[in-house]
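Chemist: The structure is given below, and queries will be raised subsequently.
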Amino acid sequence: MLKREHYIDWLPGLSALMRRLSAALAGQGGSPHHKNLLLLAVLAVFLLPALLMSVLDTALPYSSDAALLGWPLLAIGDMPRGWISIGVAPVGLIAIGAAPIGVVSLGGLALGLVSLGGIGVGLLMAVGGVAVGPYALGGISVGLYAGGGCALGYFYADGRQYEKLL
């Protein structure tokens, strides 16, 4: 089993920042700057996917082929929008591509509820080379439950609490 120092000590500055942010979140002091930084981080992780999906939703044209509630069942193309979308920047319930946005996103830069990709940002779970989300697994993972090569979080992915980490 890897010890605590294998997870965090190679980044002492980031470790100190995480401790300050967690203290600010817990209401145990912390400067207003740290509280603002924490708020910005939460907004970026949880609201960015929704904002991007909203912008793309209004910018992309509708397709009438086999439409269900205005969206086609399967959409393929450069920037497809459908229930199942495959392409460069797909938007949909299941999105697969280079920069997918969806409830389940699979691709290079994946944003969604459950994201799997080189960089995964998920509202529920993220898996990838760099994973950010409440439950994050990856080479570098940041989340409440984090597991991987360099894991920054409050718990190990299996639920055990980090010792004196935050």
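According to the working numbering, the residues represented by the sequence shown are -6 to 159, in order.
Quick reminder that beta carbons are idealized off the backbone N, C-alpha and C, glycines included.
#1: Between the Cα of G110 and those of G100, L116, M118 and L117, spot the shortest distance and give me the residue it belongs to.
#2: Is the CB-CB distance between A68 and G95 below 8 Å?
#3: By DSSP's criteria, G100 is part of a beta bridge. Which residues make up the other side?
#4: Buried or exposed, going by whether 16 or more other CB atoms sit within 10 Å of the CB of G90?
#5: In the DSSP output, which residue or residues are listed as bridge partners for W76?
#6: Excluding the five sequence neighbours on either side, which residues of its own chain have a C-beta within less than 6 Å of the C-beta of P83, listed in chain order?
#7: So V120 packs on G105, CB below 8 Å; how close in whole Å?
#8: Residue range of the beta strand (DSSP E) that G126 falls in?
#9: Put P83 into one of helix, strand or coil per three-state DSSP.
#10: Exposed or buried, what is G142 when buried is set at 16 or more other beta-carbons lying within 10 Å of its beta-carbon?
#11: Would you kindly report the start and end of the unbroken beta strand (DSSP E) that includes L67?
#12: For G115 and V107, I'd like the C-alpha separation in whole angstroms.
#13: For L145, which beta-bridge partners are listed by DSSP?
Modeler: On the basis of the data shown:
#1: Checking every option, the nearest Cα to that of G110 belongs to G100.
#2: Not in contact: A68 and G95 (Cβ atoms no closer than 8 Å).
#3: Beta bridge pairing from DSSP links G100 with G90 and G110.
#4: Buried, because 16 or more other Cβ atoms sit within 10 Å of the Cβ of G90.
#5: Secondary-structure assignment with DSSP links W76 through no beta bridge to anything.
#6: Contacts found: P73, G90 and P93.
#7: In this structure V120 is not in contact with G105, their Cβ atoms being roughly 12 Å apart against a cut-off of 8 Å.
#8: No beta strand (DSSP E) contains G126, which DSSP labels as neither H nor E.
#9: In this structure, P83 counts as coil in the three-state DSSP scheme.
#10: Within 10 angstroms of the beta-carbon of G142 lie fewer than 16 other beta-carbons, which makes it exposed.
#11: Taken as a continuous stretch (DSSP letters only), the beta strand (DSSP E) holding L67 covers L67 to G70.
#12: Straight-line Cα distance between these residues: approximately 5 Å.
#13: L145 is bridged to V135.
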